[in-house]
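Numbering (our numbering), first residue to last: 43 to 189. Note that CB positions come from ideal geometry on N, CA and C, so glycine has one too. Quick caveat: nothing in here was measured; it's all calculated off a predicted structure.
So, in structure tokens, the structure goes:
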């Protein structure tokens, strides 16, 4: 590992012991050794969100396929991504967006639309008991209602 990579690794994996004279760069800046001071991060490209002595700014997050940018990257804040309309990020698989159900099973009614954070919610027509909605697959036999 090169000396440069060792320095980066040490900075990111261990707390820095700073003398009172050591300068910290404010959020939105990084420590540029060549100039001996702080240099700005580039809007929409990289950022730092805390006071630091990092040798470079952190790269902005790029939204994945199926996601859209909720908040753009600024020199002091990373991008925020959310699922596109018609999809949601489920608790069981938060790493990717899943397609929203299109309707509720027989005997249930939709009580909440799909959002980027949750699938539709369905409730029993009679009791209004909340249940996660799953649309029946066309052509699949449906169970007969209980008497």
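Looking at C-alpha atoms only, which residue of the options is the closest neighbour of residue i?
i, options, result
"residue 97", "70, 151 and 140", "70"
"residue 84", "155, 154 and 72", "72"
Could you tell me the alpha carbon to alpha carbon distance between residue i and residue j, rounded to whole angstroms?
i, j, result
"residue 160", "residue 167", "21 Å"
"residue 243", "residue 133", "The displayed coordinates of the chain run from 43 to 189. Any statement about residue 243 would go beyond what the structure contains."
"residue 92", "residue 150", "49 Å"
"residue 146", "residue 157", "16 Å"
"residue 136", "residue 87", "25 Å"
"residue 164", "residue 106", "29 Å"
"residue 65", "residue 94", "9 Å"
"residue 139", "residue 78", "44 Å"
"residue 116", "residue 131", "24 Å"
"residue 82", "residue 118", "10 Å"
"residue 90", "residue 152", "43 Å"
"residue 148", "residue 142", "17 Å"
"residue 120", "residue 154", "31 Å"
Quick test of your reading: residue i and residue j, contact by CB under 8 Å. State the CB separation rounded to the nearest angstrom.
i, j, result
"residue 125", "residue 108", "7 Å"
"residue 123", "residue 111", "6 Å"
Mark residue i as exposed unless 16 or more other C-beta atoms lie within 10 angstroms of its C-beta, in which case mark it buried.
i, result
"residue 127", "exposed"
"residue 162", "buried"
"residue 68", "exposed"
"residue 129", "buried"
"residue 101", "exposed"
"residue 144", "exposed"
"residue 104", "exposed"
Under the criterion of a Cβ to heavy atom distance below 7 Å, does residue i qualify as lining the ligand GTP?
i, result
"residue 83", "Of ligands this structure carries none, so the ligand GTP is not represented either."
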